[in-house]
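All remarks here apply to the structure that follows.
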Amino acid sequence: MTVTEPSIDDLASLTSGASAWETTSLPGELDPMVLSDGPHGLRRQPAEGDTLGIGNSIPATCFPPAVGLASSWNDDLIEQVGAQLAREAKALGVSVLLGPGLNIKRSPLCGRNFEYASEDPQVAGRYGAAFVRGIQSQGVAATPKHFAVNNQETDRFRVSAQVDERTLREIYLSAFEHVVTTAGPWALMSSYNQVNGVPASENPHLLREILREEWGFDGVVMSDWGAVSDRVAALAAGLDLEMPPSSTDDQIAAATGSGIISRERLEQVHQRLHLLAERTAGVRSHTPSMTVDVEAGDRVAQQAARESAVLLTNNGVLPLAAPALDNIAVIGEFARTPRYQGSGSSQVVPTRLSTVLETLRESAGDRVSFAPGFTLDGSGDKDQLGQEAVDLARNASVALVFVGLPAGSESEGFDRTHIDLPEEQTQLLDRLVKLDTPTVVVVSCGSVVSLGSWSDQADAVVMGWLLGQAGGKATVDLLTGAASPSGRLTETIPLSLTDTPAYLNFPGQDGVVVYGEGLHVGYRYYDTMDRPVRFPFGHGLTYTTFEYGAASVTATGTNSATVEFSVTNTGARPGSEVAQVYVAANDRTRPRHELRGYQKVFLDPGESITCRVELDSRAFSEWNAQHAMWVVPGREWTLEVGASSRDIRSTASFTTKAQPEALPLQDLSTVGEWLAHPVGSTLIAPLIAAIGDKVDVTSLDPTLYKMFEQMPLVKLTAWGQGFTREMYDGMLSQANAQQAPGA
Ligand code: BGC
């Protein structure tokens, strides 16, 4: 590659876009590249479009948003969706796809939860990595977003997320880390919010130290649209590309002139854009058709939707069979007007849209009757609509009821204030489940809702999330048994909002949101505190049953192991199980247990498979903020194998060795830490002996020992007993030097 020497002005111009959806080019040497949302379908604007999803975009397949797709727990499927998305991107001339969204679902109130995968970093990380692999397999760049700690929409442009470093690393960065280090995304988007008082787009700790230096990211970091307020600070902190364009290139040129920004830094951006252009060159090597393959996209979307829904309860009414199919009452406006995607920048104009009502009518004709039961905007005569629905259900052989959150109640740009379904819907459900007619309820929502007591009385409940354009067909496939449900909850369904871990700290106030629950997000909180939930994390049923064999553990290294167990389909139908492996520390320094591996298996009746889940040392590590490193504590762990966080079928134990063997001693290390340190304890012994010469230690109250253990050893230098600061410093360097080789 010959790169001619561009001027400072040329280089400065590269650090922001040429338009809302295009990077800046350098004639003859660097192509312009088209960027487009988004995470579950292309929102390719025809020309200079708006950024909010209001304007029309070119029709493209609308796949299930992350809330659905991640519930499949199926890496291969997610990869296929990513690849299909990228094929459409190529057809529409898009080089860079703005997704996937990897933020953790901290509270069910976040208006954008439908774009995110899970309350658990491992599920979010595996989802993201599979998605990125799929997209980039076609030569299109993926852009994981929003980096980082962007877990709410309230005040999203300004709010500072106050989060301790351990929680940051273990919960909020972990999915990004997994995706960057295993799937190598070619771009990444920083978020709007601040993290501990520093804007994420101007944050050297996140963008330089962690992303580049620790994780080795080699792609282009772009800002979220409109996130940057200080361009020079952003560039200096490690942001490469400000989007959309701003008219302040002269600030960059001036900062370079005055030495605040080096020419090397600008050249670095130039080279990174070149690398991105090379990686995505295939997109621009042919003329885009500007239309997508509708059939191919719809097929993948239907398969994805089938695996995205989660069967929560079923007393045997599903799959529907005669006589239930004789006279089907379809109830609920969502059966006719589906809610299939979320609102905001990810909104896609679908190529097709299936509905449950049409699909059922195609196969069951006049055996299907319909009553809307309610309107989506709350208009109309509620009593009359409800009564008509109840009358219809009373005389039917089965009532299929479609409820959910209307589009206006959750969206990018604002958070919810409650997690309830609209009252007219719950009132209708309360009446329907009391009838003799079997009732199946399908719920459409982008984030959890609190299912009322009706959910215990319904004959079956399906969490239909948002299933994309083929959701209608897929739902009918699942209800009739043409496909078996195989989704599992990636977020806990709580009993009420007040039970949720961030309840007291969401969405913050006065520009600050404190992540007071720390590591205890989602099931980490509910299971640690033993709080009842409506449905636990990881839960989901299908039309068959599975038995787990006893778990066994084989060490594969000092602190790594393989967990092995069998899963057998003990029912009469084929089906998929998601076998989950949790690691439990059995003490209060960590959450009660944490998901560290899972495997989705498909089994015919009677078939058995041996699952092997690898646990590396990270499964047992924690971020030590004092030493800024991952450490493995030496202790015994319980490895739990099960079908949800609350359905553990088998356990085994595993013991880790402390790694490093001893943490380096520091300025303020306590007497207890010195005594626990292999070298430090030998160095401190003479000191203790000297004190023992002066004080009759045997007569001391034992609580004094405990108190003494908590005291930094260096404090003794102030006591004038001949123990000086110089002696302390000498001991410190001796202890850490001797420890180094074996550590
Ligand atoms: C969203 C991003 C999106 C961008 C471009 C922003 O408002 O937060 O997720 O990619 O707009 O549409």
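Per our numbering, the sequence shown runs over residues 436 to 1178.
Note that CB positions come from ideal geometry on N, CA and C, so glycine has one too.
Gln1094: not part of any alpha helix (DSSP H); DSSP gives it neither H nor E. Inter-residue distance for Ala576 and Leu1030 is about 29 Å (C-alpha atoms, whole angstroms). When Gly951, Ser595 and Arg522 are compared, the shortest CA-CA separation from Arg719 is found for Arg522. Excluding its 5 nearest sequence neighbours in each direction, Thr772 has C-beta neighbours in its own chain below 7 Å: Leu811, listed in chain order. By the Cβ neighbour-count rule, Asn1004 is buried, with 16 or more other Cβ atoms within 10 Å of its own. Distance check between Pro841 and each of Leu670, Ser814 and His721 places Ser814 closest, using alpha-carbon atoms only.
When the Cα atoms are used, Thr1152 and Ala1172 turn out to be separated by approximately 22 Å. Relative to the ligand BGC, Asp472 has its C-beta within less than 6 Å of a heavy atom. Judged by their CB atoms, Val469 and Ser506 are not nearer to each other than the 7 Å cut-off. Residue side-chain check: Asp590 keeps its Cβ at 6 Å or more from all non-hydrogen atoms of the ligand BGC. By alpha-carbon distance to Asp1102, the top candidate from Glu1096, Arg1160, Ser1088 and Glu1057 is Arg1160. Under DSSP, Glu1071 takes part in a beta bridge, and its partners are Thr1090.
In this structure Phe809 touches Glu859 by the C-beta definition: roughly 5 Å separates them, less than 8 Å. Per DSSP, the unbroken alpha helix (DSSP H) holding Ala610 starts and ends at Ser609 to Ala618. The closest heavy atom of the ligand BGC lies less than 6 Å from the beta carbon of Ser780. Residue environment for Pro1121: exposed (fewer than 16 other C-beta atoms within 10 angstroms of its C-beta). The residue among Val752, Asp665 and Phe849 with its C-alpha nearest the C-alpha of Ala690 is Asp665. For Asn750, the closest C-alpha among the options Ser890, Arg714 and Glu514 is that of Ser890. In terms of side-chain proximity, the C-beta atom of Leu520 is found no nearer than 6 Å to any non-hydrogen atom of the ligand BGC. Within the chosen limit of 6 Å, the ligand BGC reaches the beta carbon of Trp660 through at least one heavy atom.
Taking 6 Å as the cut-off, the C-beta of Leu710 does not count as close to any heavy atom of the ligand BGC.
Within the chosen limit of 6 Å, the ligand BGC does not reach the beta carbon of Leu840 with any heavy atom. Distances between the C-beta of Leu676 and the heavy atoms of the ligand BGC are all 6 Å or more.
When distances are taken from the beta-carbon of Leu533 to the heavy atoms of the ligand BGC, the shortest one is below 6 Å. Contact between the stretch 575-592 and the stretch 647-667 is present, with at least three C-beta pairs closer than 8 Å.
In the assembly as shown, His613 is a buried residue. Its beta-carbon has 16 or more other beta-carbons within 10 Å.
CA-to-CA, the gap between Ser492 and Thr726 works out to about 11 Å.
Assignment of beta-bridge partners to Gly906 by DSSP yields no partner. Around the CB of Met1146, fewer than 16 other CB atoms lie within 10 Å, so the residue is classed as exposed. Within the same chain, no residue comes within 6 Å of Ala757 by CB-CB distance, once the 5 residues on both sides are set aside. Judged by beta-carbon spacing, Phe1000 lies within the 7 Å limit of Val1076, meaning their Cβ atoms are closer than that value. Contact between Ser882 and Leu930 does not hold, since their C-beta atoms are separated by about 16 Å, which reaches or exceeds 8 Å. In terms of Cβ geometry, Leu753 and Leu976 do not form a close pair [threshold 7 Å]. When the beta-carbon positions are compared, Gly973 and Gln1015 come within less than 7 Å of each other. Relative to Ala996, the option among Ala518, Lys1092 and Thr963 whose CA is nearest is Lys1092. In the DSSP assignment, Phe1143 falls within the unbroken alpha helix (DSSP H) covering Pro1137 to Glu1144.
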